[in-house]
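Trainee: Just passing along the structure, written as structure tokens.
Residue numbers (the numbering used here): 41 to 379.
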């Protein structure tokens, strides 16, 4: 009994240290990690405001508000996996598969068929979590296998990669062009998903357990946390976010896209890490992930406005991903030195 109580205290201490506002060097370093994304976004806006004057146009920001939701949802899903010291490189392929499956269902059942997209994502994520949590397979292996399987299924279900057009998109197809209170409708849907995730992490037992596992998995197991169930839940939530991203993709394109999402898994990881989520697990905020996704979207849009070739833009995104890893390392060292 004493061992379990001590383990519980050991597991709880890092989580409390990540959120307290005491003016200690370590807590200030922890809080500082969440300022990286807002500062980077502000610097990006200033740079492109000078380099591309049309960047500040209202229409450009409205367009970005309709576009950033896909990346933001994928980054939100990555946060759940990263909290448990893992990651998911299959989210782009899972989103493509979910969009194809939901497009077929939409053409057969109408708008009710859209429910299949999040369900497909949830199922794929749960399989990833079961492989990682139950069979102890490394996240890179499990999610790489899912990436290949999901991409293959999406191509097979779309007759070799053909877009599955929606028969009558109707109001669903008009969502990307609508605004509610001056904000793009798709942006409101994305923000609703982020609000639900923030509530889950802050107010539920599952949220606390995900942070506990990332901080100290051994202590979490000693206090009775069902590790396999927690991993399944984390990756299922990651897959669910990919399924929701598929719905946004379908709304914007009016079709299921079997080849969409390639490379977005790495952008999603970069957005989550730049937003303050630790690669070593146990640290992360929903608001930080949202800021990180906004930064990446600002960067992509600005490069497009400057007429930068897609190949050069890929190089820039590669540099951003490496920089995200370096930022995480610097912050971890600063935190360790301060403590």
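No residue lacks a Cβ here, since even glycine has one placed at the ideal position from N, Cα and C.
In terms of alpha-carbon separation, which member of 149, 120, 196, 209 lies closest to residue 166?
Mentor: On the chain shown, residue 166 is found 126 positions in, with the first residue counted as 1. Comparing Cα-Cα distances from residue 166 to each of 149, 120, 196, 209, the minimum goes to 120.
Trainee: Reducing DSSP to helix, strand and coil, say where residue 172 ends up.
Mentor: For the purposes of this step, residue 172 is identified with residue 132 of the chain shown, where counting begins at 1. If DSSP states are grouped into helix, strand and coil, residue 172 belongs with the helices.
Trainee: Assuming residue 136 and residue 287 are in contact, meaning their beta carbons sit under 8 Å apart, how far apart are those beta carbons, in whole angstroms?
Mentor: Within the chain shown, residue 136 is the residue found at index 96, counting from 1. Within the chain shown, residue 287 is the residue found at index 247, counting from 1. Between residue 287 and residue 136 the Cβ distance is about 13 Å, and since that is not below 8 Å, they are no contact.
Trainee: With which residues is residue 223 paired in a DSSP beta bridge?
Mentor: Locating residue 223 in the chain shown gives position 183, counting from the first residue. DSSP output for residue 223 lists 220 as bridge partner(s).
Trainee: Name, in chain order, the residues that DSSP records as bridge partners for residue 205.
Mentor: Stepping through the chain shown from its first residue, residue 205 is reached at position 165. Note: residue 205 sits in a beta bridge opposite 295.
Trainee: What is the DSSP secondary structure of residue 256, counted as helix, strand or coil?
Mentor: Residue numbering aside, residue 256 sits at position 216 when the chain shown is read from its first letter. Looking at residue 256 - three-state DSSP - the assignment turns out to be coil, as it is neither helix nor strand.
Trainee: Can you tell which of 101, 249, 319, 132 has its C-alpha closest to the C-alpha of residue 388?
Mentor: Residue 388 is absent from the structure shown; the chain starts at 41 and stops at 379.
Trainee: Looking only at its own chain, which residues have a Cβ that is under 7 Å from the Cβ of residue 301, when we skip the five neighbours before and after it?
Mentor: Along the chain shown, one-based indexing puts residue 301 at 261. Once the five neighbours on either side are set aside, the close Cβ partners of residue 301 are 132, 133, 135, 136.
Trainee: Under the rule that 16 or more other beta-carbon atoms within 10 Å means buried, what is residue 64, buried or exposed?
Mentor: What you label residue 64 is simply residue 24 of the chain shown in a count that begins at 1. With a pLDDT of only 44 at residue 64, under 50, the local geometry of the prediction cannot be trusted, and no value is derived from it.
Trainee: Flag this pair as touching only if the segment 190–208 and the segment 168–181 have three or more C-beta atom pairs under 8 Å; answer yes or no.
Mentor: Touching, no.
Trainee: Is the CB-CB distance between residue 282 and residue 154 below 8 Å?
Mentor: Counting from one through the chain shown, the residue named residue 282 turns up at place 242. Counting from one through the chain shown, the residue named residue 154 turns up at place 114. Contact flag unset, no.
Trainee: Using three-state DSSP, classify residue 325 as helix, strand or coil.
Mentor: Against the chain shown, residue 325 aligns to sequence position 285. Here residue 325 sits in coil by DSSP.
Trainee: Give the C-beta separation of residue 274 and residue 169 to the nearest angstrom, bearing in mind that I take them to be a contact with Cβ-Cβ under 8 Å.
Mentor: Here the question's residue 274 lines up with position 234 in the chain shown. Here the question's residue 169 lines up with position 129 in the chain shown. Indeed they touch by this definition, with Cβ atoms about 6 Å apart.
Trainee: Identify which residue in 306, 106, 164, 350 has its Cα closest to the Cα of residue 360.
Mentor: As a first step, residue 360 must be located in the chain shown, where it is residue number 320. Considering only alpha carbons, the answer is 306.
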